[in-house]
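These notes are about the structure you will find just below.
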Amino acid sequence: MLNAFAPARTSSEAPEFAETPAAGLSRRSFLVAGLAAGGGLLLSIGLPKFAGEALAADGPFAPDAFIRIGSDGAVTLVMPQVEMGQGTYTSLPMLIAEELQIDLSQVRLEHAPPDDKLYGNPAIGFQVTGGSTSIRGFYEPLRKAGASARTMLVAAAAQMWGVDPAACDAAHGVVLHPASGRQASYGSLAEKAAAMPVPKDVALKPVDKFTLIGTPAKRLDAAGKVDGTAAYGIDVKLPGLKVATVAACPVFGGKLKSVDDTDARAVKGVRQVVKLDDAVAVVADHMGAAKKGLAALKIEWDEGPNATLSTEEIVRQMEALAATGPGVDDKKVGDVEAAERAAARTVKATYQMPFLAHTTMEPLNCTVHVRPDACEVWVGSQVLSRAQATAAEVTGLPREKVTVHNHLLGGGFGRRLEVDSVTQAVKIAKQVDGPVKVVWTREEDIQHDIYRPYYYDQFAAGLDAQGKVTSFRHRVVGSSIVARWLPQAFTNGLDFDAVDGAAGPYGFANLHVDYVRHMLPQGLETGWWRGVGVTHNAFVVEGFVDELAVEAKADPVAFRRELLANDARARGVLDLAAQKAGWSGALPARSGRGVSLLLGFGTYMAQVAEVEIGKDGAVKVSRIVCAVDCGVVINPDTVKAQVQGGIVYGLSAALYGQITLKDGRVEQSNFDSYQALRIEEMPAIEVHIVESREAPGGIGEPSTSGVAPAVVNAVFAATGQRLRQLPIDPDRLKGA
134 MLNAFAPART SSEAPEFAET PAAGLSRRSF LVAGLAAGGG LLLSIGLPKF
184 AGEALAADGP FAPDAFIRIG SDGAVTLVMP QVEMGQGTYT SLPMLIAEEL
234 QIDLSQVRLE HAPPDDKLYG NPAIGFQVTG GSTSIRGFYE PLRKAGASAR
284 TMLVAAAAQM WGVDPAACDA AHGVVLHPAS GRQASYGSLA EKAAAMPVPK
334 DVALKPVDKF TLIGTPAKRL DAAGKVDGTA AYGIDVKLPG LKVATVAACP
384 VFGGKLKSVD DTDARAVKGV RQVVKLDDAV AVVADHMGAA KKGLAALKIE
434 WDEGPNATLS TEEIVRQMEA LAATGPGVDD KKVGDVEAAE RAAARTVKAT
484 YQMPFLAHTT MEPLNCTVHV RPDACEVWVG SQVLSRAQAT AAEVTGLPRE
534 KVTVHNHLLG GGFGRRLEVD SVTQAVKIAK QVDGPVKVVW TREEDIQHDI
584 YRPYYYDQFA AGLDAQGKVT SFRHRVVGSS IVARWLPQAF TNGLDFDAVD
634 GAAGPYGFAN LHVDYVRHML PQGLETGWWR GVGVTHNAFV VEGFVDELAV
684 EAKADPVAFR RELLANDARA RGVLDLAAQK AGWSGALPAR SGRGVSLLLG
734 FGTYMAQVAE VEIGKDGAVK VSRIVCAVDC GVVINPDTVK AQVQGGIVYG
784 LSAALYGQIT LKDGRVEQSN FDSYQALRIE EMPAIEVHIV ESREAPGGIG
834 EPSTSGVAPA VVNAVFAATG QRLRQLPIDP DRLKGA
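Numbering (the numbering used here), first residue to last: 134 to 869.
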């Protein structure tokens with residue numbers, strides 16, 4: 134989603150790269166060439182913003198990405214995005230390699246340092262990896278960079294040979310002059326190319342001429358992950374490094390009252406106990422000693438005003454807001470009130486979704502070395518410039534004195550869009566002589582996460598005598614992530630992400646969507662969770678649309694299709710998923726199929742789930758069939774892997790995921806109480822990709838959003854039990 138990070142746009146709006154003629158650079162782009170240190174071509178290309186982007190108030194946003202071509206012919210891409218398992222470190226180099234006419238194996242990668250101006254995400258406005266925007270944001274700019282570099286290299290060769298550049302070609306890192314048989318490698322031409330004029334207009338390859346984009350390329354980061362050489366933040370090793378682990382106040386918003394560290398200091402290997410306002414850290418020679426020392430602390434907490442907070446209290450507040458709170462309109466189409474008065478019947482429903490934790494496989498960690506005049510940070514972060522900014526603020530140093538070393542991320546899902554763990558690590562490091570690696574335990578991670586919001590949604594729809602939808606009303610109640618994380622985009626009290634997808638991809642003639650903000654107690658924060666708005670709205674909208682199909686006595690697929698008269702891409706994925714799943718085929722007793730459809734992150738996706746319900750109410754998801762139209766596909770293997778991984782993540786949440794509060798504390802603590810899908814529970818997953826020439830859509834998050842509604846709709850088909858709240862409660866399905 135541009136959805137999660139930038140102002141909302143309608144489904145018909147396209148990003149600027151789809152509108153800019155391929156013949157030339159946008160007026161908001163610029164290209165600069167120069168001589169790289171040690172010789173070679175250094176190419177810097179300004180990256181255009183999305184049209185309509187309103188986040189940068191100080192004029193056009195033009196960060197730079199850098200391509201270096203060395204005398205050895207190697208092409209180095211300074212990666213503006215981070216790799217957290219989504220395949221960015223392969224797909225983005227494919228864009229450059231395609232236009233530069235080189236093999237993917239010739240591209241080398243470097244992590245970009247924190248710098249919003251040089252490495253800002255053009256889809257969002259600053260340096261961030263999230264919202265399934267990496268390909269959408271960099272698809273055309275990086276292709277232009279590759280094409281411009283190729284043009285300059287060809288020009289250099291043509292000048293050297295005294296021939297027309299149009300008589301030359303390029304392939305596999307070599308410029309060729311077929312008429313004479315001459316050839317020159319990119320490396321030998323790099324220095325001369327740096328002196329060539331920068332092309333004002335550069336032609337990009339048409340889709341039908343792609344040789345690399347659209348092919349199943351092997352992941353460039355796979356070898357290091359297999360042989361153990363890949364470096365994650367938790368792998369950092371430095372001379373004199375100490376390891377710390379922490380205990381924060383178990384009640385949100387609470388403070389440290391006192392601590393007796395006598396026993397902790399007696400633990401072998403413990404070097405220091407650091408006290409913060411709301412936490413205690415034990416610094417030791419290794420993690421084992423730090424954990425033992427932490428367990429030996431005698432801590433007294435000031436629990437503050439949230440000591441009695443419970444999930445039930447939060448839900449009561451949201452229920453009251455849904456009934457009486459003034460809503461902020463997101464969409465108003467037609468005349469909903471008149472349509473409701475004329476309706477033959479009205480269907481109403483209330484849906485709820487719980488708080489959710491991220492549970493990335495790599496626990497939160499951050500290594501920091503604070504010196505009097507400088508600070509170094511080693512971390513895997515989705516927001517490097519924000520990590521640098523918080524370190525500067527805590528230390529009081531200017532930002533240029535803070536160096537941030539980026540690493541691969543062992544899962545992000547939005548959790549590493551936050552810098553709370555970096556802030557804490559720098560505070561601890563200020564009191565430690567030398568570098569210290571702060572590692573959160575799994576319990577600390579789950580009980581002090583920044584959670585996916587709790588949502589409370591109310592629906593009302595009118596049907597005519599023939600079962601056609603005549604009105605659709607959706608009220609969203611939830612906390613606002615945007616107001617905290619991106620306040621400049623929180624306008625008129627509307628959280629654009631909370632209502633993203635709140636009407637699905639459907640063309641309702643009379644529609645009203647509004648939003649009511651729920652204010653959480655101080656200290657309890659909510660954040661992005663592998664997409665947020667669509668992950669909740671796909672579930673509630675698709676569940677309610679299924680209810681309307683039942684009320685209209687219509688087939689759920691056919692019912693949806695009638696609501697998609699003007700959207701061929703949505704009908705395409707719906708039909709494909711239904712066909713591949715054998716939608717109308719017979720199933721055994723206590724088994725069922727369910728369907729979901731969504732448009733999110735610029736991608737259309739339909740899923741069909743097959744489930745079996747045990748006598749004890751347990752839900753076994755046996756098969757998921759997914760059809761996806763994400764526009765131009767860069768690497769089909771990555772698309773399939775992302776869809777499969779997203780389904781596992783979303784299915785874990787649908788079956789088990791919830792964070793609950795009692796006495797101000799999170800009740801879940803590890804994977805025994807916050808369960809993930811087990812290997813024996815894994816369904817068969819089929820992924821069918823629609824061939825498309827539309828602008829690329831995002832793929833990291835849609836499948837997470839679409840699996841839960843498909844599953845609960847299948848549960849209804851199998852049992853007749855309509856589930857309007859997650860996670861699925863097997864007790865409701867016993868004997869059903």
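Every residue gets a Cβ at the ideal spot worked out from N, C-alpha and C, and that includes glycine.
Please read these numbers as outputs of a predicted model, since none were measured by experiment.
In whole angstroms, give me the CA-to-CA distance for GLU658 and ASP410. Taking the first residue of the sequence shown as position 1, residue 658 is located at position 525. Taking the first residue of the sequence shown as position 1, residue 410 is located at position 277. GLU658 and ASP410: Cα-Cα distance of roughly 18 Å.
Straight-line CA distance for GLY562 to ILE202? Mapped onto the sequence shown, residue 562 falls at position 429. Mapped onto the sequence shown, residue 202 falls at position 69. Per the sequence shown, residue 562 should be read as Ala rather than Gly. The alpha-carbon atoms of ALA562 and ILE202 are separated by roughly 39 Å.
Tell me which residue opens and which closes the alpha helix (DSSP H) that GLN777 is part of. Position 644 of the sequence shown, counted from the start, is the residue given in the question as residue 777. Taken as a continuous stretch (DSSP letters only), the alpha helix (DSSP H) holding GLN777 covers 769-788.
Where does the unbroken beta strand (DSSP E) through LYS570 begin, and where does it stop? The sequence position of residue 570 within the sequence shown is 437, counting from 1. 569-572 is the extent of the beta strand (DSSP E) around LYS570.
What three-state label does DSSP hand GLN854 in the structure shown? Taking the first residue of the sequence shown as position 1, residue 854 is located at position 721. Looking at GLN854 - three-state DSSP - the assignment turns out to be coil, as it is neither helix nor strand.
Whether LEU644 touches PHE605 by CB criterion (9 Å): As a working mapping, residue 644 is identified with position 511 in the sequence shown. As a working mapping, residue 605 is identified with position 472 in the sequence shown. Closer than 9 Å, so yes.
Checking 9 Å against the spacing of the C-beta atoms, do ALA558 and VAL535 come in under that value? Residue mapping note: residue 558 aligns to position 425 of the sequence shown, counting from 1. Residue mapping note: residue 535 aligns to position 402 of the sequence shown, counting from 1. Against a cut-off of 9 Å, the Cβ pair of VAL535 and ALA558 comes out as no contact.
Return helix, strand or coil for MET329, following the three-state DSSP convention. Counted from its first residue, the sequence shown places residue 329 at position 196. Look at MET329 here: in three-state DSSP terms it is coil, with no helix or strand label.
Integer Cβ distance of VAL674 from ALA636, believed to fall under 8 Å: For the purposes of this step, residue 674 is taken as the residue at position 541 of the sequence shown. For the purposes of this step, residue 636 is taken as the residue at position 503 of the sequence shown. That pair is a contact at about 7 Å.
Applying the 10 Å Cβ sphere with the 16-neighbour rule, what's the burial state of GLN655? For the purposes of this step, residue 655 is identified with residue 522 of the sequence shown, where counting begins at 1. GLN655 is classed as exposed because its beta carbon has fewer than 16 other beta carbons within 10 Å across all chains shown.
Distance, GLU473 Cα to GLY595 Cα: Here the question's residue 595 lines up with position 462 in the sequence shown. Here the question's residue 473 lines up with position 340 in the sequence shown. Going by the C-alpha atoms only, they are around 6 Å apart.
So, helix, strand or coil for GLY705, using DSSP? Here residue 705 is taken as the residue at index 572 of the sequence shown, counted from 1. Residue state, collapsed to three classes: helix.
Which of the three DSSP states is assigned to PHE194 in this structure? Taking the first residue of the sequence shown as 1, we reach residue 194 at position 61. Note that PHE194 has pLDDT 15, beneath the 50 cutoff, so the model's placement of it is unreliable and no number is given.
Based on the DSSP secondary-structure assignment, which residues constitute the bridge partners of VAL799? In the sequence shown, residue 799 corresponds to position 666, counting from 1. As DSSP reads the structure, VAL799 sits in a beta bridge with LEU794.
List, from N- to C-terminal side, the alpha helix (DSSP H) runs of 4 residues or more that fit wholly inside the segment 712-776. Fully enclosed alpha helix (DSSP H) runs of 4 or longer: not present.
For THR441, name the three-state secondary structure that DSSP assigns. The residue labelled residue 441 in the question sits at position 308 within the sequence shown. Residue state, collapsed to three classes: coil.
Which term fits PHE804, buried or exposed, when burial requires 16 or more other beta carbons within 10 angstroms of its beta carbon? Taking the first residue of the sequence shown as 1, we reach residue 804 at position 671. It is exposed - the Cβ of PHE804 has fewer than 16 other Cβ atoms within 10 Å.
Other residues of its chain near THR500: CB distance less than 8 Å, five sequence neighbours each side excluded: On the sequence shown, position 367 is the one that residue 500 refers to. So the qualifying residues of the chain are GLY366, VAL369, LEU371, LEU374, VAL510, TRP511, VAL512, ALA558, PRO568, VAL569, LYS570, VAL571.
Going by DSSP, what residue range makes up the alpha helix (DSSP H) through GLN521? Within the sequence shown, the letter at position 388 stands for residue 521. 517-528 is the span of the alpha helix (DSSP H), which, as asked, contains GLN521.
Let's see if you can read the secondary structure: which residues bound the alpha helix (DSSP H) around SER224? By one-based count along the sequence shown, residue 224 stands at place 91. Run containing SER224: 221-233, per the alpha helix (DSSP H) assignment.
Is it a yes or a no for the segment 309-328 touching the segment 264-280, going by three-plus beta-carbon pairs under 8 Å? no
Over the uninterrupted alpha helix (DSSP H) stretch that includes VAL632, give me the two end residues. Counting from 1 along the sequence shown, the entry for residue 632 is found at position 499. That residue, VAL632, is in no alpha helix (DSSP H); it is neither H nor E in DSSP.
Among SER443, THR284, LEU542, VAL461, which residue has its Cα nearest to the Cα of THR492? One-based indexing of the sequence shown puts residue 492 at position 359. The shortest Cα separation from THR492 among SER443, THR284, LEU542, VAL461 belongs to LEU542.
Can you give me the start and stop residues for the beta strand (DSSP E) that MET494 sits inside? Within the sequence shown, numbered from 1, the residue matching residue 494 stands at position 361. MET494 -> no beta strand (DSSP E), and no H or E assigned at all.
Considering only the alpha carbon of each residue, which of ALA423, VAL615, ARG855, ALA482 lies closest to VAL632? What you label residue 632 is simply residue 499 of the sequence shown in a count that begins at 1. Comparing C-alpha distances from VAL632 to each of ALA423, VAL615, ARG855, ALA482 shows the shortest one belongs to VAL615.
My understanding is that LEU707 touches LEU730, with C-beta atoms under 8 Å, so please give their C-beta distance in whole angstroms. Position 574 of the sequence shown, counting from 1, holds the residue named residue 707. Position 597 of the sequence shown, counting from 1, holds the residue named residue 730. The Cβ separation is near 5 Å, so the contact holds.
Could you work out which residue in VAL741, TYR587, ARG548, THR348 is closest to GLY264 when comparing CA atoms only? Here residue 264 refers to the residue found at position 131 of the sequence shown. When each option's Cα is compared against that of GLY264, the closest is ARG548.
Quick one: what's GLY611 bridged to in DSSP? Residue numbering aside, residue 611 sits at position 478 when the sequence shown is read from its first letter. According to DSSP, which records beta bridges pairwise, GLY611 is partnered with TYR588, ARG650.
Minimum C-alpha distance to GLU745 - residue among VAL728, PHE734, ALA722: Here residue 745 refers to the residue found at position 612 of the sequence shown. Ranking the options by Cα distance to GLU745, first place goes to ALA722.
Inspect the beta-carbon positions of LYS713 and VAL741 and report whether they are closer than 9 Å. Walking along the sequence shown from the start, residue 713 turns up at place 580. Walking along the sequence shown from the start, residue 741 turns up at place 608. Against a cut-off of 9 Å, the Cβ pair of VAL741 and LYS713 comes out as a contact.
Going by DSSP in three states, VAL565 sits in which element: helix, strand or coil? In the sequence shown, residue 565 corresponds to position 432, counting from 1. VAL565 falls in the coil class under three-state DSSP.
Distance, ILE780 Cα to ILE579 Cα: Counting from one through the sequence shown, the residue named residue 579 turns up at place 446. Counting from one through the sequence shown, the residue named residue 780 turns up at place 647. Distance between the alpha carbons of ILE579 and ILE780: 21 Å.
Can you confirm whether ALA635, when its beta carbon is compared against all beta carbons of chain B, has any partner nearer than 9 Å? Any reference to chain B falls outside this structure, which holds one protein chain only.
Apart from the five residues on each side of it in sequence, which residues of its chain come closer than 6 Å, Cβ to Cβ, to SER514? By 1-based counting over the sequence shown, the position of residue 514 is 381. Closer than 6 Å at the Cβ level, and outside the excluded window around SER514, lie ALA520, ARG549.
For GLN621, report the span of its alpha helix (DSSP H) as first-last. As a first step, residue 621 must be located in the sequence shown, where it is residue number 488. Neither: GLN621 is in no alpha helix (DSSP H) and is coded neither H nor E.
Taking the alpha carbon of GLN775 as the point to measure from, which residue in ASP796, MET738, PRO505 has its own alpha carbon closest? Residue 775 sits at position 642 when you count from the first residue of the sequence shown. Restricting attention to ASP796, MET738, PRO505, the CA atom closest to the CA of GLN775 is found in MET738.
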